[in-house]
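The structure under discussion appears below in the form of structure tokens.
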Amino acid sequence: KFLCLVGEGPEQSALEQLARTLFAPDQYAFLGFRTDRIALMRGFDLFVLPSMHEGIPRCLMEAMAAGVAAIATDIPGCRELVIDKETGMLFPAEDAMVLTRHLQTLSVDPELRARLAHQGQTHIRQNFSAQAMAQRYTVLYETLVERAVLDIPAREVA
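Counting from 107, one number per residue, gives the positions in the sequence shown under the numbering used here.
Quick look at the structure:
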């Protein structure tokens, strides 16, 4: 088992201290901000996003698109991407026990991990790819134009 933390944030020094107490030096790495994170993710078995506040988290979307099983906090932005127990796993904010259970479950069940990774990847590609988003915007704009045309009084059209 190897813990790899990518990114930076206000909790980094506390996490580094915790890692030093829980892991041998060759069992973890703090990589900081990386531009090659998608390539790195392809080698991960699991991706965990324990954020308390997110919009729609791009890093979670990237991990799922890369075919990595994901565990994320059950907050609105993550719920947009993860369907609990179908495309990944969600845990209540600040609930370390549920997060630990999810980590244990996925670390010992490679079939479940592979299924969630595959279904998560499919979900992201079908619903959040550039093409899927362009189609959604097209439908939205067409709907708005239709409503605007219907709202124009008849005398203004003539």
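For each residue, glycine too, the CB sits at the ideal point set by N, CA and C.
Bounding residues of the beta strand (DSSP E) (the contiguous stretch that carries Ile82): Because residue 82 is not part of the residues shown, which for the chain are 107 to 264, the question remains open.
message: Check for me: the alpha helix (DSSP H) holding Ala202 runs from which residue to which?
response: Here residue 202 refers to the residue found at position 96 when the sequence shown is read from its first residue. Ala202 -> alpha helix (DSSP H) spans Ala202 to Val214.
- prompt: Under three-state DSSP, which class holds Gly183?
  reply: Locating residue 183 in the sequence shown gives position 77, counting from the first residue. In the structure shown, Gly183 sits in a helix (DSSP, three-state: H, G or I).
message: Distance check for Ser157 and Thr127, CA to CA, integer angstroms please.
response: Counted from its first residue, the sequence shown places residue 127 at position 21. Counted from its first residue, the sequence shown places residue 157 at position 51. Spanning the two alpha carbons is a distance of roughly 22 Å.
message: Could you give the first and the last residue of the continuous alpha helix (DSSP H) run that contains Val251?
response: What you label residue 251 is simply residue 145 of the sequence shown in a count that begins at 1. Ala236 to Asp257 is the extent of the alpha helix (DSSP H) around Val251.
message: Assuming Leu218 and Gly194 are in contact, meaning their beta carbons sit under 8 Å apart, how far apart are those beta carbons, in whole angstroms?
response: Position 112 of the sequence shown holds residue 218. Position 88 of the sequence shown holds residue 194. Contact flag wrong, Cβ pair sits at about 11 Å.
- prompt: Does DSSP put Ala172 in a helix, in a strand, or in coil?
  reply: What you label residue 172 is simply residue 66 of the sequence shown in a count that begins at 1. Note: Ala172 maps to coil in three-state DSSP.
query: Does the beta-carbon distance from Leu209 to Thr179 come in below 9 Å?
result: Position 103 of the sequence shown holds residue 209. Position 73 of the sequence shown holds residue 179. Against a cut-off of 9 Å, the Cβ pair of Thr179 and Leu209 comes out as no contact.
- prompt: Taking the alpha carbon of Glu186 as the point to measure from, which residue in Asn233, Leu109 and Glu252 has its own alpha carbon closest?
  reply: If you number the sequence shown from 1, residue 186 lands on position 80. Of Asn233, Leu109 and Glu252, the residue nearest in Cα terms is Asn233.
Continuous beta strand (DSSP E) stretch holding Met195: start and end: Counted from its first residue, the sequence shown places residue 195 at position 89. From DSSP, the beta strand (DSSP E) with Met195 extends over Met195 to Phe197.
query: Given Glu168, which residues of its chain have a CB within under 6 Å of its CB, disregarding the five upstream and five downstream residues?
result: As a working mapping, residue 168 is identified with position 62 in the sequence shown. Around Glu168: Ile144.
- prompt: On the three-state DSSP scale, how would you describe Asp142?
  reply: Residue numbering aside, residue 142 sits at position 36 when the sequence shown is read from its first letter. The answer is coil: DSSP assigns Asp142 none of H, G, I, E or B.
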